[in-house]
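Residue numbers (our numbering), protein chains in the order written: chain A, 31 to 252; chain B, 31 to 252.
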């Protein structure tokens, strides 16, 4: 069965978003510092239609995280817009403009039903109100032989981690403090559901910590 | 001037001690998992008067952290015993028995005055009620040309980090969750006071993240 793979950037003090997230500041105060390591990379630039960029150890990790993904699951907060029911007159279509960088089906966890959204470049957004299990089943079906990416945010990731449904977790640990905001590893107790550290890639700007169940990740080397 | 060097083991979710710390369980529930990586090492065993043990990448980090240390500062909670005034009839003498592993002067932050304690092997404990600055000055004086180790616990580390007095910070990041307990990086806001990630040593059991001010740590390589 295809794997559910979480990738997320986290500060040294455990935050995956800064405080005071809003439509105008989706990452919260200081949150952009979590992504400074990825923006210069060729792998990130090409995903956003830009040329050039750096090729380094982090780039290989990003390329690996993008490879073999057939569908994405994300939380409502990551898809964005004001909380609560969708604005029927001016429906929010995500942060990414007319041609988002996914190019495959995306399933958005929400409490508020809404028809699917089709954008350019093979990007479709399906809004799932039946919970994380249903969203994962739909995403796995859409992904076929490929894996499913769990894109965040914190609350969606926590729900899948709590349920033991995450097969791989790549934490990009950024050597900075945010001080407050949303923590990734909260409300999970002390249970990683068998996820073990299977690979570390160290760079000055970020430490990539890959967790997996060893039996399912025999190709990984430490 | 001699450096103040913090070394501490932290879980992936940011805890340096588990919940429900007590005299019978000083590391809190699950807290011993933070130290499983260090106990098999020859460097740790020799520090505790034991022979044999492993020599690996972590051992080099431990040896480095023990080298050139002339004095230690620690919080009352790390020295241990029941909180509040000292028991004059049966004074607490620390967790470490008659011959603690420091072999140099130790300065304990406390709100409760107490005469110095002399144990075997060059171990002396001085109880400082005048705050972190005074404790650091006393420790620096005692250390002479050598550095001062900041041994923890969380609250003592936070006070020195908040004041910008920590020159080096080695976080031994353990790939496990504790779920609750005492966090290291709390109440510091988003300010590392110039500490930057200068070296990462990756092993399957622990990731050693060394932070320093670059100008003061030019011999470190990434």
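A virtual CB, placed ideally from N, CA and C, is assigned to each residue, including glycine.
Residue 64 of chain A - DSSP class collapsed to helix/strand/coil: Annotated three-state conformation of residue 64 of chain A is helix, per DSSP.
Integer Cβ distance of residue 207 of chain B from residue 221 of chain A, believed to fall under 8 Å: Confirmed, about 7 Å.
Residue 99 of chain A beta carbon less than 8 Å from that of residue 177 of chain A: Yes.
Contact check, residue 236 of chain A vs residue 88 of chain A, beta carbons under 8 Å: Yes, the Cβ-Cβ distance between residue 236 of chain A and residue 88 of chain A is below 8 Å.
Buried versus exposed, by CB contacts within 10 Å (16 or more), residue 217 of chain A: Counting C-beta atoms within 10 angstroms of its own C-beta, residue 217 of chain A has fewer than 16 neighbours from the protein chains shown and is therefore classed as exposed.
Partner residues on chain A for residue 226 of chain B, Cβ-Cβ distance less than 7 Å: Within chain A, the residues placing a beta-carbon under 7 Å from that of residue 226 of chain B are 205, ordered along the chain.
Chain B contact residues for residue 44 of chain A, given Cβ-Cβ distances below 9 Å: Residues of chain B passing the Cβ test: 42, 43, 44, 213, 215.
First through last residue of the alpha helix (DSSP H) which encompasses residue 164 of chain A: Its alpha helix (DSSP H) spans residues 162–173.
Below-8 Å beta-carbon distance, residue 195 of chain B vs any chain A residue: Closer than 8 Å: no.
Beta carbon proximity, residue 220 of chain A to chain B, threshold 8 Å: Residue contact check for residue 220 of chain A against chain B: a CB pair falls below 8 Å.
Secondary structure of residue 77 of chain B, DSSP reduced to three states: Looking at residue 77 of chain B - three-state DSSP - the assignment turns out to be helix.
For residue 83 of chain A and residue 250 of chain A, the rounded distance between their alpha carbons: Caution is warranted here: a pLDDT of 42 is assigned to residue 250 of chain A, below 50, making its placement in the model unreliable, and the coordinate value is therefore given only provisionally. Taking the straight line joining both Cα atoms gives about 27 Å.
Closer than 8 Å to chain B by CB, residue 123 of chain A: With 8 Å as the cut-off, residue 123 of chain A does not count as an interface residue toward chain B.
C-alpha distance - residue 40 of chain A paired with residue 44 of chain B, whole-angstrom precision: Our two residues, residue 40 of chain A and residue 44 of chain B, have alpha carbons roughly 11 Å apart in a direct line.
Three-state secondary structure (DSSP) of residue 46 of chain A: The answer is strand: DSSP assigns residue 46 of chain A an E or B state.
At least 3 beta-carbon pairs within less than 8 Å: the region 97–115 of chain B vs the region 133–142 of chain B: Touching, per the Cβ criterion.
Short CB-CB distance (under 8 Å) between residue 174 of chain A and chain B: Among the CB atoms of chain B, none fall inside 8 Å of the CB of residue 174 of chain A.
Listed by chain order, chain B residues near residue 60 of chain A by CB distance under 8 Å: By Cβ distance, chain B contributes 220.
Cβ separation of residue 158 of chain B and residue 149 of chain B, assumed to be a contact under 8 Å, to the nearest whole Å: Incorrect: roughly 17 Å between the Cβ atoms, too far for contact.
First through last residue of the alpha helix (DSSP H) which encompasses residue 87 of chain B: Here the alpha helix (DSSP H) through residue 87 of chain B covers 87–96.
Straight-line Cα distance separating residue 71 of chain A from residue 86 of chain A: It is roughly 8 Å from the alpha-carbon of residue 86 of chain A to the alpha-carbon of residue 71 of chain A.
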